[in-house]
Amino acid sequence: MVRYSEELIDDIKNSNDIVDIVSQYVTLKRSGRNFFGLCPFHKEKTPSFSVSPDKQIFHCFGCGAGGNVIHFISKIENVDFKESLEILAERAGITLPTLENSFDEKKQILKEKIYEINKEVALHYHELLYKPISKPAQEYVKKRKLDNKTLKDYYIGYAPINFNLYGFLKEKGFNDEEILASDLVIKKGNTYIDRFKNRLIFPIQDVRNRFIAFGGRVLDNSLPKYINSPENLVYSKARNLYGLNIAKNSKLEKIIIVEGYMDVISLHQRGIENVVASCGTALTEAQGRLLRKYAEKVIISYDSDSAGQAATLRGLEILNNLGCDIRILQMEGAKDPDEYVIKYGNGRFNNLVENAISLIEFKVKVLKKDLDLENVNDKVKFLNEVAKLMSTIDNKIEQEIYIDKISKDYNISREAIYAQINKLIYSKNQGQKILEKKPINKENKKEDNIPTNLLKRENMIIALLLDGKVEVYNKIKKILSPEDFKRVENKEIVQKLYEEFEKGNSNIDNILEIFNENEKIIGILTGIMAEDNEIKDDQKAIEDLVKNYKKERLLARKKEIIKILESKEKSIEETKLLEKELQNLIINLTQLK
Ligand SMILES: [Zn+2]
147 MVRYSEELID DIKNSNDIVD IVSQYVTLKR SGRNFFGLCP FHKEKTPSFS
197 VSPDKQIFHC FGCGAGGNVI HFISKIENVD FKESLEILAE RAGITLPTLE
247 NSFDEKKQIL KEKIYEINKE VALHYHELLY KPISKPAQEY VKKRKLDNKT
297 LKDYYIGYAP INFNLYGFLK EKGFNDEEIL ASDLVIKKGN TYIDRFKNRL
347 IFPIQDVRNR FIAFGGRVLD NSLPKYINSP ENLVYSKARN LYGLNIAKNS
397 KLEKIIIVEG YMDVISLHQR GIENVVASCG TALTEAQGRL LRKYAEKVII
447 SYDSDSAGQA ATLRGLEILN NLGCDIRILQ MEGAKDPDEY VIKYGNGRFN
497 NLVENAISLI EFKVKVLKKD LDLENVNDKV KFLNEVAKLM STIDNKIEQE
547 IYIDKISKDY NISREAIYAQ INKLIYSKNQ GQKILEKKPI NKENKKEDNI
597 PTNLLKRENM IIALLLDGKV EVYNKIKKIL SPEDFKRVEN KEIVQKLYEE
647 FEKGNSNIDN ILEIFNENEK IIGILTGIMA EDNEIKDDQK AIEDLVKNYK
697 KERLLARKKE IIKILESKEK SIEETKLLEK ELQNLIINLT QLK
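The opening residue of the sequence shown carries number 147 in the numbering used here; numbering runs sequentially from there.
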């Protein structure tokens, strides 16, 4: 049987937006961050079927059905998971491996080897940075004011001029095929050359903290300033963002995108931790989806010379279409965020972040740049383009605010802008009612005699674990074991989550797929995901939650025991056991206080 790799499944999921797909079967209307419609899986008159573009899941609050895009197709087309994957792959133009060219194990093994090589090399270059051989790099690092913690956090390293990386890797037991596949060593004739020589090294890690590639910077002004690993089996430039593995641990409401490694590192060192770099490419859709998983609001802080370029605008458009709230940071007095934050400090940088302008305002600004509004022709052109932009805003109030602002900023009458817009949107359908978010159907939440507040706490704890933070997991596991959970399905879910964390896999994107065979669990999971649980990653809040949960759980059991003890149908043996349990329970309860 052909087994599809995790990467391939991710690829297919990322190429099929759940809102697009569901829309082909269900009429969806936006309400806040989510979409609602009539559930295709049970009969209903008012919509309780929700689709979350952020989380890329659907969930019905009526019948409890849920899942990701693959589950949706599987359910609605009545096909199995594999067939559903095939339908979606075809739709996205992705070629699936067949039995002959089968997702070959060999390739998978090679990939694992490249990860290993990358890790060995990253750690070694990092260690070398502290050795006498790395004097030039040490001086450079000092000049750029990078402190030791930063160097360690980002595994910054040094690739010396005379280093035999090939020999180093051979000694570690890797063979030629593996070494060459890593692209860190280049073969010329019979010699093996290090790709990076006399460069400061920035290892690139993916969200799972795997080392996937490297960037290398010269220590002087020679060119090229940067060289990067080429794309290979483990590295795809368009699918990764530098620093996201670290940024995702900060309490993100928004994420800042900068251009270069140094910008990320420099801001991070000065306490601005929610920063990633696109590393020279215009933002791609895959990067957009990756970002949206972690933050809804995205601040673009590009170097002054690249903001406003067509490629940048396209990237912003992609993010916008993915439902991100995009702001563009306006920076003056420095060429990039690194220089800015060194010159003016993080307080002023944070001000820039707060005052970043919207995509619409930014586009108007870019429009204006090449036009002279004193010139009649230019003014007409400007008005036309502005009207086009304004007509893309669905929200009337928002539209009005922008028009007011543009009218003031560029000294054009509001009437003139409105007249132009009316011309444009004459044919557009109007008056779309925004759907009210349906209250959750309480009947379906009641679960085999488990008190509602207990169940709610269980769900919140699972929601916290789903966030994927290792620190949070460590806290929870100290107090609760999977067995402690009352709902049978929750035990299973927590068990799996614990296993994944133990494997070092805190990125549990594929949690829904782990339970492919169990529709009920998938429904419960999407239900938990679909409910916006208020708890943020706050140490005290988590401790309280977990402790209270445990306490309530014990109290509920205490009640149960007392009830049985008071009833008549029990043997002496049973009574003894129950009394013993009750004693232990009371001890546990006092310890929790
Ligand atoms: Zn339903």
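Quick reminder that beta carbons are idealized off the backbone N, C-alpha and C, glycines included.
When the Cα of LEU275 is compared with those of CYS470, ASN620 and LEU292, which residue comes out closest?
Locating residue 275 in the sequence shown gives position 129, where the first residue counts as 1. With distances taken between Cα atoms, LEU275 lies closest to LEU292.
Closer than 7 Å: GLY208 CB and nearest ligand 1 heavy atom:
By one-based count along the sequence shown, residue 208 stands at place 62. Yes, the Cβ of GLY208 comes within 7 Å of a heavy atom of ligand 1.
Give me, in chain order, the residues of the same chain whose beta-carbon lies closer than 8 Å to that of LYS642; leave out the 5 immediate sequence neighbours on both sides.
For this step, residue 642 is matched to residue 496 along the sequence shown. For LYS642, where only same-chain residues beyond five positions count, the Cβ hits under 8 Å are ILE657, ILE660 and PHE661.
Return helix, strand or coil for ARG560, following the three-state DSSP convention.
As a first step, residue 560 is located in the sequence shown; it is residue number 414 there, counting from the start. Three-state result, ARG560: helix.
Separation of PRO349 from THR538, as counted between CA atoms
Counted from its first residue, the sequence shown places residue 538 at position 392. Counted from its first residue, the sequence shown places residue 349 at position 203. Cα-Cα distance, rounded: 41 Å.
Pull up the DSSP beta-bridge partners for ILE446, would you.
In the sequence shown, counting from the first residue as 1, residue 446 sits at position 300. The partner list for ILE446 (beta bridge, DSSP) reads ILE403 and ILE474.
If I measure Cβ to Cβ from ASP352 and keep anything under 6 Å in the same chain, skipping five residues before and after, which residues do I get?
Mapped onto the sequence shown, residue 352 falls at position 206. Excluding sequence neighbours, ASP352 sits near ILE358 and ASN386.
Run the CB neighbour count on VAL634, radius 10 Å, all protein chains shown included, and call it buried at 16 or more, exposed below.
Translated into positions along the sequence shown, residue 634 becomes position 488. It counts as exposed.
For PRO349, which beta-bridge partners are listed by DSSP?
Locating residue 349 in the sequence shown gives position 203, counting from the first residue. Note: PRO349 sits in a beta bridge opposite PHE360.
Report yes if the CB atom of SER375 is closer than 8 Å to the CB atom of ASP340, and no otherwise.
The sequence position of residue 375 within the sequence shown is 229, counting from 1. The sequence position of residue 340 within the sequence shown is 194, counting from 1. Not in contact: SER375 and ASP340 (Cβ atoms no closer than 8 Å).
Taking DSSP as the reference, what is the three-state secondary structure of ALA432?
Counting from one through the sequence shown, the residue named residue 432 turns up at place 286. In this structure, ALA432 counts as helix in the three-state DSSP scheme.
Which ranges does the alpha helix (DSSP H) cover as unbroken runs of at least 4 residues, wholly within the segment 256–344, from first to last along the chain?
281–289, 294–299, 311–317 and 322–327
Would you say HIS217 touches ligand 1, meaning its beta carbon is less than 7 Å from a heavy atom?
On the sequence shown, residue 217 is found 71 positions in, with the first residue counted as 1. The answer is no for HIS217.
6 Å Cβ shell around LYS743 - same chain, five flanking residues per side excluded
What is shown of the chain runs 147 to 739, which leaves residue 743 out entirely.
Kindly confirm or deny that the segment 689–705 and the segment 216–229 touch, where touching means at least three C-beta pairs closer than 8 Å.
no
With a CB to CB cut of under 6 Å and the five nearest residues on each side skipped, what residues in its chain are close to SER447?
Looking up residue 447 in the sequence shown gives position 301. For SER447, where only same-chain residues beyond five positions count, the Cβ hits under 6 Å are ILE402, VAL404, LEU475 and PRO483.
Test: TYR644 CB closer than 8 Å to a CB of chain B:
The question asks about chain B, but that chain is absent: this structure has only one protein chain.
Taking contact to mean at least 3 C-beta pairs separated by less than 8 Å, is the segment 261–279 in contact with the segment 229–244?
no
With LYS632 and ILE596 assumed to form a contact (beta carbons below 8 Å), what rounded beta-carbon distance in angstroms separates them?
Locating residue 632 in the sequence shown gives position 486, counting from the first residue. Locating residue 596 in the sequence shown gives position 450, counting from the first residue. The pair is a contact, with the Cβ atoms about 5 Å apart (cut-off 8 Å).
Is any non-hydrogen atom of ligand 1 found closer than 7 Å to the C-beta of ALA211, if you look at the structure I gave you?
Locating residue 211 in the sequence shown gives position 65, counting from the first residue. For ligand 1, at least one heavy atom lies less than 7 Å from the Cβ of ALA211.
Residue burial classification, ASN336 (beta-carbon count within 10 angstroms, cutoff 16):
Residue numbering aside, residue 336 sits at position 190 when the sequence shown is read from its first letter. Looking at its Cβ environment, which holds fewer than 16 other Cβ atoms inside 10 Å, ASN336 is exposed.
I believe LEU600 touches ARG699 by the beta-carbon criterion, under 8 Å. Please report the beta-carbon distance rounded to the nearest angstrom.
Here the question's residue 600 lines up with position 454 in the sequence shown. Here the question's residue 699 lines up with position 553 in the sequence shown. Going by Cβ atoms, the distance from LEU600 to ARG699 rounds to 6 Å, so yes, they are a contact pair.
How many whole angstroms separate the CB atoms of ILE654 and GLU646, which I take to be in contact at a CB cut-off of 8 Å?
Within the sequence shown, numbered from 1, the residue matching residue 654 stands at position 508. Within the sequence shown, numbered from 1, the residue matching residue 646 stands at position 500. The pair is a contact, with the Cβ atoms about 5 Å apart (cut-off 8 Å).
Among all the DSSP beta bridges, which residues are the ones paired with ASN180?
Working through the sequence shown from its first residue, we reach residue 180 at position 34. SER177, per the DSSP bridge assignment.
Beta bridge counterpart(s) of TYR388 as assigned by DSSP:
Residue 388 sits at position 242 when you count from the first residue of the sequence shown. Bridge partners of TYR388: ALA423.
For LYS569, I'd like the list of residues in its chain whose CB is within less than 8 Å of its CB, leaving aside the five on either flank, ordered along the chain.
The residue given as residue 569 occupies position 423 in the sequence shown. So the qualifying residues of the chain are ALA533.
Helix, strand or coil: how does DSSP classify ILE411 here?
Position 265 of the sequence shown, counting from 1, holds the residue named residue 411. It is helical.
In terms of residues, what are the limits of the beta strand (DSSP E) holding HIS205?
Start at 1 with the first residue of the sequence shown, and residue 205 comes out as number 59. Looking at the DSSP string, the run of the beta strand (DSSP E) that includes HIS205 is 203–206.
Below 7 Å, is the gap between the Cβ of HIS272 and the nearest heavy atom of ligand 1?
On the sequence shown, position 126 is the one that residue 272 refers to. No - ligand 1 has no heavy atom lying nearer than 7 Å to the Cβ of HIS272.
Can we count HIS414 as close to ligand 1, meaning its CB is less than 7 Å from some heavy atom?
Residue mapping note: residue 414 aligns to position 268 of the sequence shown, counting from 1. No - ligand 1 has no heavy atom lying nearer than 7 Å to the Cβ of HIS414.
Quick one: Cα of LYS726 to Cα of LEU738, how far?
Along the sequence shown, one-based indexing puts residue 726 at 580. Along the sequence shown, one-based indexing puts residue 738 at 592. Those two C-alpha atoms are separated by around 19 Å.
Could you tell me the alpha carbon to alpha carbon distance between GLU604 and ARG290, rounded to whole angstroms?
Residue numbering aside, residue 604 sits at position 458 when the sequence shown is read from its first letter. Residue numbering aside, residue 290 sits at position 144 when the sequence shown is read from its first letter. C-alpha separation (whole angstroms): 48 Å.
Could you compute how far the alpha carbon of LEU731 sits from the alpha carbon of VAL499?
Here residue 731 refers to the residue found at position 585 when the sequence shown is read from its first residue. Here residue 499 refers to the residue found at position 353 when the sequence shown is read from its first residue. Looking at the two C-alpha atoms, the distance is approximately 52 Å.
Any non-hydrogen atom of ligand 1 closer than 7 Å to PHE182 Cβ:
As a position in the sequence shown, residue 182 is number 36, starting the count at 1. Not so, every heavy atom of ligand 1 lies at least 7 Å from the Cβ.
Less than 8 Å between the CB atoms is what I'm expecting for ILE155 and LEU231, so what's the real figure, rounded?
The residue given as residue 155 occupies position 9 in the sequence shown. The residue given as residue 231 occupies position 85 in the sequence shown. Rounded, the Cβ-Cβ distance is 7 Å, consistent with contact.
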